[in-house]
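Contents: one structure, followed by commentary.
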Amino acid sequence: KNSLNVALAMLADPRYANLYMCIFGPRNALNEEAREELESDKRLFLRYFYDIILATDINSQERLQRNKEKWKMAFENDGDIELDRASCRCQSPERTEQQQSPSTPNGNGNGPMPPPPTSQDEEDSDSDSSLCLECVLVKTNCYSSVDYLRTSAILEQLIQAADVAHLMQSWQVFIKWNVKLYNELWAAKLAGRGPDVSANWFKGQIGFFDFYIIPLAKRLEQSGIFNSLGSLFVQNATDNRTRWIAEGEERCREMHVSIIQRLGDGN
Numbered sequence: 051k052n053s054l055n056v057a058l059a060m061l062a063d064p065r066y067a068n069l070y071m072c073i074f075g076p077r078n079a080l081n082e083e084a085r086e087e088l089e090s091d092k093r094l095f096l097r098y099f100y101d102i103i104l105a106t107d108i109n110s111q112e113r114l115q116r117n118k119e120k121w122k123m124a125f126e127n128d129g130d131i132e133l134d135r136a137s138c139r140c141q142s143p144e145r146t147e148q149q150q151s152p153s154t155p156n157g158n159g160n161g162p163m164p165p166p167p168t169s170q171d172e173e174d175s176d177s178d179s180s181l182c183l184e185c186v187l188v189k190t191n192c193y194s195s196v197d198y199l200r201t202s203a204i205l206e207q208l209i210q211a212a213d214v215a216h217l218m219q220s221w222q223v224f225i226k227w228n229v230k231l232y233n234e235l236w237a238a239k240l241a242g243r244g245p246d247v248s249a250n251w252f253k254g255q256i257g258f259f260d261f262y263i264i265p266l267a268k269r270l271e272q273s274g275i276f277n278s279l280g281s282l283f284v285q286n287a288t289d290n291r292t293r294w295i296a297e298g299e300e301r302c303r304e305m306h307v308s309i310i311q312r313l314g315d316g317n
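In this note's numbering, each number is its position in the sequence shown, counted from 1, plus 50.
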């Protein structure tokens, strides 16, 4: 999270005043109502900012599962979300009291909507790992609105897709960046900063397609934000998987021979 905090500190730097104003509006000459709206926008931005970036941590199974649960909750509800915590085992008396307090939004959308948490709240977000999704959503009570939840869920899918976009593009683009990643990991292995991935590279790509890329592509299509073009992500990922099964082992041998000729095998 240090890099995220550094980015936020840079955003507040006067050198980025124009960018800041584009996101939040002017800082000065605001009446009280406008200042309150600005502060609310800032807190909402922080909530999205942290959630979206942390969604790219695909090595965390817990994070991936929570993202999937959020997506399911967001797109299986037509109205405001009613969070059922009756069977929750992780809620504390403090959270129960918070949930029942008048400031907590109710399920029918008529209650007041407090602003999202501040950056100070985010510093403690690692403790969220011990909470179920419902408790996290109550804690970040802006997500009681399905619009907020869907916006967050879609943005998380977009940045996850951007992180692995080459697997959903043409075969040529997929192979280009697959080779670059393999070379980077091999160099890291030679430098003592990572494992030898060569033995499992072929099967690992198939598993990555099956359990991450294709489900992600289907969620992008389901979101509807790309209209009819959304199906291209699923089609490209499926085509690349099929061709990788047919040609991948030979491609693996070629890239391994090539990188050893360039960097050596470490022996």
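Virtual Cβ for every residue (Gly too), placed ideally from N, Cα, C. The model shown is predicted, which means the values in this text are computed figures rather than measured ones.
Does the beta carbon of Ala-212 come closer than 7 Å to any beta carbon on chain C?
-> Within the model displayed, chain C is absent; a lone protein chain is all it includes.
When you compare each of Thr-288, Glu-234, Phe-252 to Ser-220 by their alpha carbons, which one comes out closest?
-> Thr-288
For the segment 217 to 302, list the beta strand (DSSP E) runs that are entirely contained and at least 3 residues long, ordered along the chain.
-> none
Does the distance from the C-beta atom of Glu-271 to that of Ser-281 stay below 7 Å?
-> yes
Excluding the 5 residues preceding and the 5 following Glu-173 in the sequence, name in chain order all residues of the same chain whose CB lies nearer than 7 Å to its CB.
-> Residue placement at Glu-173 cannot be trusted, given a pLDDT of 47 that sits under 50; what the coordinates show is reported in the next sentence. If we look at Glu-173 and ignore the five residues flanking it on each side, it has no Cβ neighbours.
In the structure shown, what three-state DSSP assignment does Lys-120 receive?
-> helix
Nearest-angstrom beta carbon gap, Leu-217 and Gly-224 [assumed within contact, 8 Å] | Looking at the sequence itself, residue 224 is Phe, so the reference to Gly does not match. Rounded, the Cβ-Cβ distance is 6 Å, consistent with contact.
How about Leu-54 and Ile-103: do their beta carbons lie closer than 7 Å?
-> yes
Return helix, strand or coil for Asn-52, following the three-state DSSP convention.
-> helix
Beta carbon of Arg-291 nearer than 7 Å to that of Phe-252 = no
Close-in-space but distant-in-sequence residues of the same chain around Ala-62 (CB under 8 Å, 5 per side omitted) = Tyr-70
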